[in-house]
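> Residue numbers (my numbering), protein chains in the order written: chain A, 1 to 485; chain B, 1001 to 1809.
Glycine included, each C-beta is placed from N, C-alpha and C at the ideal position.
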Amino acid sequence: MSDKQKRGPFCRRVRREFLWQTGAGFGAVALSSMLDDTFFESTASAATKANPLAAKPPHFAPKAKSIIFLFMYGGPSHIDTFDYKPGMVGMDGKTVDVKTFGRGGHRNQGRIVEPRWKFSQYGECGKWVSDLFPNVATCVDDIAFLNSMTADSPIHGSAMLMMNSGKIQSGSPALGSWVNYGLGSVNENLPGFVVMLDPTGGPISGAKNWSSGYMPATYQGTVLRSEGSPILDLKTAPGVTRAEQRDMLDSIAAINARHLANQSDNDELAARIASYELAYKMQEHAPEAVDMSDEDAATLELYGADKPATRDFGRRCIIARRLVERGVRCVQLYSGGAHNDDNWDAHGDLEKNHNKHAGATDKPVAALLKDLKRRGLLESTLVVWGGEFGRQPTAEYAEGSGRDHNAYGFTMWMAGGGIRGGVSIGGTDELGSAAVEKPMHVKNLHATILNQLGLDPNRLSYFYSGLDQKLVGVEHIDPIHEIIA
Amino acid sequence: MTVRANLYKSIIGGLLLGMLGALGLAAEATKVDFATEIQPILARKCYSCHGPDLHEGGLRFDDRATVVSAADSGQVAIVPGESSKSELLRRVLASAESGERMPPEGKPLSELEVDLLSRWIANGAEYSEHWAFRPPQPSQMPITMNSAWALQPLDLFILEKLEHAGLEPAVAAGPEELIRRAYLDVTGLPPAPETVAELSRNWSEDKYVQLVDRLLAAPAFGERWARMWLDVVRYAETNSFERDGLKPNAWKYRDYVIDAMSSDLPYDQFMREQIAGDELDEVTPQSLTATGYYRLGLWDDEPADPLLAVFDGYDDLVSTTSQGFLGLTLNCARCHDHKIDPLTQKDYYAMVAFLRDVTPYASRSDGKSNNQVDLNPDIARLHEEYESHRREIEKVTKRIERDAIKKMSAENQRATEGFDREKVLSEQLVNYTSEVEFREYSQLKSELGEIEEKQRILPKRETILGLAKLDAIPEKTYVLLRGSPHNTGEEVEPSFPKLLGGKAPKLPVPNAGAQSAGRRRILADWLADDENWMTSRVIANRIWLHYFGRGIVRSPNNFGLMGDPPTHPELLDYLATELVRDDWSLKKLHRKILLSNTYRLSTQSNSLALAKDPSNNWFWRQNTRRLSAEQIRDSVLAIVGQLNEQVHGESMYVTLSAEVLASQSRPGSGWGKSTPADQARRSIYIHVKRSLPVPLLSAFDFPDTDISCEARFLTTQPGQALTMLNSDWMQQQAQALYNRVRREVGEDLEQQAQRCLELATSRTANKADKQELVALVQRLKTKHQLSEQKARESMCLVALNINSFFYLD
C-alpha cells in the first residue's frame, strides 16, 4: 500500500515512449514493439524479425478482439437514416438561412430537402430509424449511435483519408495498420488487415485508403475478393497444382538450407525460408475462409446472400464474420465504389441513390449483427458503420433532392466489442446541419476503437520523422466514454 | 540481500577500487562518452517523466543544472565524481518491490547501462554538446595495432573500434561473392556468371580496382544511385488525393538525378541546383529541371481549408529539405518548439520564409502555369498567342454552358461534373439556350477547333516540371500558433536554424523585373557551403548505408537527439571532410568505400564475434543484405536475358492485373500501356502513381512516396513468396529463363540446371543444388505428369526463388 503511494507520482501518467533505432537492419527495428522497450537493449529479437505480425499483448484487457468497419463510401445522409428531424416535416422547398460547406463551397442559405423516408421507433430504447433500414432497426438495442460526428473535410479525397488514417493527407497508416501494429495477428495464415471492395470499383484514392504509410508494408491492408482468387497471386499459376508447388517449395527449402548452413545465425534468411511455408499455408487457408459451401441455407437467407440485390454485400458480410472467427483483426467492407451513384454520394436523386445502397446493405448488416450475436462473437467484435461524412439538409441544385457533403455533423454507429447498446450520443441542430450537442471528432471514434481493442490511443505510437506519431494525433484524445459498456 | 543490491555494491566497490588504483591510463580507456553512451540512456529511460516535457520532482535530465542540485525531495540525483552519493544510481538499482526503482515501469536498466552511468558520474558527469551540432573535429588517424590490415584510411577507424572491442575482422569475401556484391551495389544489376568466372581467375587487387572503376563509370551506376535520392525526395509522378493527377514531365527530374549521379555532379552543385536552380549565376536547362524538386509532393486540388493546404505544402518542403539535406526534423517545430532538439518554432518559420516565393503546385483551374517551365521561350510565345485567344473564347463558352447547366435536371447537372460532361452538353445544351446563344456557342466551338488545328502544327513546347511561376515579392511570414494559419504570431524573416549559427542573411531586394525573391539562392549557398558540416555528414552517411545495410547513423534523416548516435563518429567526420576536400565528388566517396577492406569483408559468422557484438555494431563483418525491390526485378530481367538497358525517357507502365486495377475508383485510369520492350526497362523507369503501387515493388518494400524515405524497410512476408511464385510476370520470366538456358546449353537437363543456378546467383553452381533441381524436374514429370517443358520452366522459377539470389553474401 505504502509502496503504491510512493510510486504514485511516477506512475499516474502515461509514459511517452522513445523509439531508438538500434539493431541490425533498419526494418527490423521499426517493427519492434512500442509496447515495451526490450529491444532497446540490443537488437530486435529474432522472433520479432521473423514475424512482425506475431500476437502482442495489448496495453490493457481488451473488450474486442476484432473490428469490422462497414464503410458507407460517399457519405450517407444522416437525417434520412438515423438522425430523426421531425421539425423538418412540411418544410420541403423552403429557403432557410443555414451555413453549409460541401463540394459546392460555403453557402449561407439553401432550399430544404425534407427527409424523404418515414421514421419509426424501434427497440426498447425507442430509437427513431427511417424506413431505409427496417432490418438494422431491429438491432438498435445493440447499437450506440453517434449523432454528432464531425470531420475536418467535406471533400471525398481528404475526408476518406481522415476516416481511414486520421489525417487529411495521404502518407499515414490506416486504422487497420495501427491495429495490427499494436496487437499483431493471432492467425498467421491470413492477413491481419483485410479490405473488401465494392464490385463497382475501389473508393477514390484506391490503395491510399489501406496503406500502411510510414509503417512497413507488413501492416498494409490486403484486398480480399469474395469471388475468384481471394488474394492477389494466391493461386498457383495456370496449370500448376498445389502438389507440384509443394515439390518446388521443397527444392527451394533444400537449396536454402545449404545456403543457411554458412550463416546459421542469420534470422532473416531463416525467416524467408519460413515465409515460403507461410505462403503455402495461406494458399490453403485464405480460400477456405471465403468458401461459403459450409454455410447453411438459413444463414445465406439471413444475410440476403440468396437475393440479387443483397447478394454481394451479404456474401461479404458472411466472409467478414468468417474472417473474424479465424482471428483476423481488422476487416473493412466498402459499400459503394467508383463514382457518382455507384456509392452513397447522392448529389442527384437522393431517393434513388439511398434506396439502392440501403437496399443492398440493410439486410446483410442486420444479419451480421444477429449472426455474430448468436454465435457469441458480438461481444468480442466491434462493428462500426458510417461514411466519410454526412449530407446537408438543403438541396445542392435548383431542382431535385440531391444533397451535398456535410462534415459539420453526421451519424455513425458502433455495436459489439464492449459498446453499450441502445444509446444515442450527441445531436445536431434542428436541421441536422451541424453537431451542436457533444460534438465528436473522427479522432474520438478512432480513440474509442483502439480503446475497445485494449490499446491506449494516446500511447500507441510509432516514431517517425522525429515524432511519436499517433493515429489520434499529438494532442490527448478521449474515447467516447458514454458508449463504453 | 537482493541480487541487484549485490550488483550495486560490487559496482560501487569496483569503482572505489578503480579510483584508489588511480590508474590514469585505465581511466582514459574507460572514458564514457556522454553523447553516444549516456544521453541515449537518459532519453529513453528518464526523459518521459524528467525531461523536456515533464519535470517531475523538479528534475529534468536534459538540463545538467537541475540534476546536480537538490530536487524537490531534497535529494541530489547526480553528485559529480561520487556515484555512491548519487540518488540516480540508488534508484535505478532499487528493487521493484521497494517501489523506489527507476524507471518505475518497464525493464530496469541493464548492468551495462548502470555501469556506464556510474563510471560517467565518477568521471564528473559532464554533459557535452550533441555530436551532430558540433563541427567535425580535425581528423586524426587512429592508432591501431594491426594497421597493415587497412587498405583505405577509413579502415583505420573501423579497426580501432574492433581492436578496442577485442574483435577480429572477418576474412575477406571470396572473389565470387565480392564481384557480385560490387556489381549489385554499384550498378544494381548482377554480373554475368562468365564475367565472375573470368575475373575470379588470378584474382588480384589490381583487378578489383579496375572493376570498381569500370562499374562506377557504367551508365547503370546512375540508375542505381538515383533511386537512393528519389527515395529521399519522395519522388512520384502524381499528386495523390481524389484525382491523383499526373505531374507532367516529372520523369525529367528523375533523368536529371540519374545524370547527376552518372556524371558525378559535385554534391554541392546538386544541392544548389535543386534548391535554387532558377537563381544561380548560370541558369541552365539542367538547373531548371532540378527545381522539379519543389513539385514532387502531394497536392490537393480541392482542399477543405485552402490556406492550410498552402502551409501543408510548405511543410512538405521544409520537412523534405531539412531531413533530406540537413538530417534535422525541423518539421517537428511546426506547431511548437522542438521538444528535444534545440530547434524553435521560429526556426521552422524562418525556413518557410526562405521558400516563400514558391507558389503552390497548381490551382484547380490552371494545372500547369505554376509548374511547367518552358525551355524555349520563342516557341512558348507562339503557343501562348493561341492560348490567350483560346482562353478569351472559353470565357464565353463556359459562361453559356454554366447558365444552361443551372437549368438542367439535378442528375444531368451532376453528370456535367464528371466524365460525361461533353456528352451531356452535346445532347442537352440546345434545350437550355436561346437560339441566338446556341448559334454563338456553336460558332465559338468551331473557332476553338481551328485554333487547336493551328496549334498542332507549331513546333512542340519544350517543358519541364519545375518552378515556373514564383512570387518575387512574397507575402510576409509569421509564426503560426499551434501550426494554424488562422492564428498568426510574430513576423519572421528568413534565417538559419539557431543551432547551426542562426545567422540572419542579408536579403536581396528584388528589382522590378525579378522572377523570384532571391532567398532560395541564399539558402542553397548556405546548404552547399564547405563549412556546413550537416550536409556533408548526411550525404556521406546515406552512401555508407547503401553499402553496408545501415548508416553510421542509423537514422539518416534524423541526426538530432532523437536520432541514433553514430557508431563511428570519427569515421563519419572523416568521410564528410574528405568529401568536401574532394570538391564534393560522390564518386570519390563511393570509390573509397568500395576499396576499403571493411566493405570487402565476408558475411560469414564467427561465434566469438557474434557473442560480443551480435548486431555487428563494429562492422566486424559485412552484413548479409537482401536485394531491394528494384534490384530484384532488374536482376530477374537481366538473368532471363530480357533487360532493356535504354537509359532515360518517359516512364513506362508495367502490366497490372485486373484485380489490382479494380482497387481504383476508375479501373485503369492513369495507368497506360507500354510495349513489352519498354516494360523490360529498369524499375526506376516504372511510372510512380501514388494511389496505385506496383505489387511486385511494394511487396519488396518500395517506399511510401508521400514522405521522405530515409532507409527502406526490409520485411519478410508471405506476399513476397506469392508474387515470386505465382504472378503472371514471374511465370513469363521463368519461361524466358528456360528459353535462354536451352539456347545456351542445349537440352541436357544437368547443364540446364547448372546454368539456371549460375545465372541466378552469378557464381559457380553448387553440385548438390544442381542435383536438387535435376531431381525436381524428375519428380514433377513422374509424380505429377508435367510435360518436359513445364517441369523445366518450374525449375527455372525455383532458381529465381532461392536465398542466394535474394541476398548479397
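So, does the CB of Pro-216 of chain A fall closer than 9 Å to a CB anywhere in chain B?
Interface residue, yes.
> Taking only runs of the alpha helix (DSSP H) that begin and end inside the segment 371-444 of chain A, which ones reach a length of at least 4 residues, in chain order?
Runs of the alpha helix (DSSP H) inside the segment 371-444 of chain A: none found.
> Less than 9 Å between CB atoms is the rule here; does Arg-225 of chain A satisfy it with respect to chain B?
Closer than 9 Å to some Cβ of chain B, the Cβ of Arg-225 of chain A qualifies, so yes.
> Take Ala-151 of chain A as the anchor and find which of A:Val-442, A:Asp-97 and A:Gly-466 has the nearest alpha-carbon.
Per the Cα distances, A:Val-442.
> Does Tyr-303 of chain A have its Cβ less than 9 Å from a Cβ in chain B?
So, not an interface residue.
> If you measure beta-carbon to beta-carbon, which residues of the segment 259-290 of chain A are closer than 9 Å to chain B?
Answer in chain order: His-259, Leu-260, Asn-262, Gln-263, Ser-264, Asp-265, Asn-266, Glu-268, Leu-269, Ala-271, Arg-272, Ile-273, Ala-274, Ser-275, Tyr-276, Glu-277, Leu-278, Ala-279, Tyr-280, Lys-281, Met-282 and Gln-283.
> For a contact defined as C-beta to C-beta under 7 Å, what are the partners of Met-72 of chain A on chain B?
Result: empty, since nearest Cβ-Cβ is about 15 Å, beyond 7 Å.
> Using a cut-off of 7 Å between C-beta atoms, extract the partners of Asp-1748 of chain B located in chain A.
By Cβ distance, chain A contributes nothing, its closest Cβ being about 19 Å from Asp-1748 of chain B, past 7 Å.
> Which residues of chain A have a Cβ atom closer than 8 Å to the Cβ of Leu-1692 of chain B, listed in chain order?
Chain A residues near Leu-1692 of chain B: Gly-206 and Ala-207.
> Have a look at Met-160 of chain A and Leu-1215 of chain B and give me their C-alpha separation to the nearest angstrom.
Rounded to whole angstroms, Met-160 of chain A to Leu-1215 of chain B spans 47 Å at the Cα level.
> Which residues in chain B have a C-beta closer than 8 Å to the C-beta of Gln-245 of chain A? List them in chain order.
Those within 8 Å of Gln-245 of chain A in chain B are Leu-1725.
> Output needed in chain order: residues of the segment 1402-1417 of chain B with a Cβ under 7 Å from some Cβ in chain A.
So the close ones are Lys-1406, Ser-1409, Ala-1410, Glu-1411, Gln-1413 and Arg-1414.
> With distances taken between CB atoms, is the gap from Glu-1302 of chain B to Arg-1364 of chain B smaller than 9 Å?
Yes, they are a contact pair.
> Could one say the Cβ of Asn-340 of chain A lies closer than 9 Å to chain B's Cβ atoms, at least one of them?
So yes, Asn-340 of chain A belongs to the interface.
> How about Ser-170 of chain A and Arg-1690 of chain B: do their beta carbons lie closer than 9 Å?
Yes; because the gap between Cβ atoms is below 9 Å, this pair is in contact.
> What does the alpha-carbon distance come out to for the pair Glu-430 of chain A and Leu-1444 of chain B?
Roughly 49 Å between the two C-alpha positions.
> For a contact meaning CB atoms closer than 9 Å, what does Pro-58 of chain A contact in chain B?
Within chain B, no residue comes near Pro-58 of chain A; the closest Cβ sits about 16 Å away, beyond 9 Å.
> Less than 9 Å between the beta carbons of Asn-1597 of chain B and Gln-1152 of chain B, yes or no?
Cβ distance < 9 Å, so Asn-1597 of chain B and Gln-1152 of chain B count as in contact.
> Report the three-state DSSP secondary structure of Arg-111 of chain A (helix, strand or coil).
If DSSP states are grouped into helix, strand and coil, Arg-111 of chain A belongs with the strands.
> Can you tell me the Cβ-Cβ gap for Met-1271 of chain B and Leu-1586 of chain B, rounded? I've got them flagged as a contact below 8 Å.
The pair is not a contact, with the Cβ atoms about 12 Å apart (cut-off 8 Å).
> Out of A:Thr-310, A:Pro-393, A:Arg-375 and A:Arg-329, state which residue places its alpha-carbon closest to the alpha-carbon of His-347 of chain A.
Selected option, being the one with the closest Cα: A:Pro-393.
> Can you determine whether any heavy atom of the ligand MG sits closer than 8 Å to the C-beta of Asp-294 of chain A, and answer yes or no?
Looking at this structure, you won't find the ligand MG or any other ligand, since it has none at all.
> I want to see whether chain B comes within less than 9 Å of Ser-33 of chain A, judged by CB atoms only; does it?
Annotation note: pLDDT 30 at Ser-33 of chain A (below 50); position unreliable, coordinate value reported separately. Output row for Ser-33 of chain A: interface = no.
> Can you look up Cys-1796 of chain B in the DSSP assignment and give me helix, strand or coil?
Note: Cys-1796 of chain B maps to helix in three-state DSSP.
> What residues match up with Glu-1491 of chain B in a beta bridge as DSSP calls it?
Glu-1491 of chain B pairs with B:Tyr-1478.
> Out of A:Pro-203, A:Gly-239 and A:Glu-277, which one is the CA nearest neighbour of Gly-387 of chain A?
Comparing Cα-Cα distances from Gly-387 of chain A to each of A:Pro-203, A:Gly-239 and A:Glu-277, the minimum goes to A:Pro-203.
> Please list, in chain order, the chain A residues whose beta carbon lies closer than 9 Å to that of Gly-1560 of chain B.
Within 9 Å Cβ-Cβ: Gly-466.
> Pull up the distance between the alpha-carbon of Lys-1031 of chain B and that of Trp-1533 of chain B, whole angstroms please.
Those two C-alpha atoms are separated by around 26 Å.
> Judging by CA-CA distance, which residue of B:Val-1745, B:Trp-1618 and B:Arg-1591 is the nearest neighbour of Asp-1185 of chain B?
Among B:Val-1745, B:Trp-1618 and B:Arg-1591, the Cα nearest to that of Asp-1185 of chain B is on B:Arg-1591.
> Can you pull out the residues from the segment 1748-1772 of chain B whose beta carbon lies closer than 8 Å to at least one beta carbon of chain A?
Cβ contacts with chain A come from Asn-1766, Ala-1768, Asp-1769 and Glu-1772.
> Taking 9 Å as the CB-CB cut-off, is Phe-463 of chain A touching chain B?
For Phe-463 of chain A, the answer is yes, since a Cβ of chain B falls inside 9 Å of its Cβ.
> Does any residue of chain B have a CB that is nearer than 9 Å to the CB of Ala-366 of chain A?
Not an interface residue.
> Determine which residues share a DSSP beta bridge with His-1814 of chain B and list them.
As displayed, chain B neither begins before 1001 nor continues past 1809, which places residue 1814 of chain B out of reach and without an answer.
> I need the DSSP call for Gln-332 of chain A, collapsed to helix, strand or coil.
Three-state result, Gln-332 of chain A: strand.
> Please list the residues of the segment 1467-1492 of chain B that have a C-beta atom closer than 9 Å to any C-beta atom in chain A, keeping them in chain order.
Flagged: no residues at all.
> How about Met-196 of chain A: is its C-beta nearer than 9 Å to some C-beta of chain B?
Judged by the 9 Å Cβ criterion, Met-196 of chain A is not in contact with chain B.
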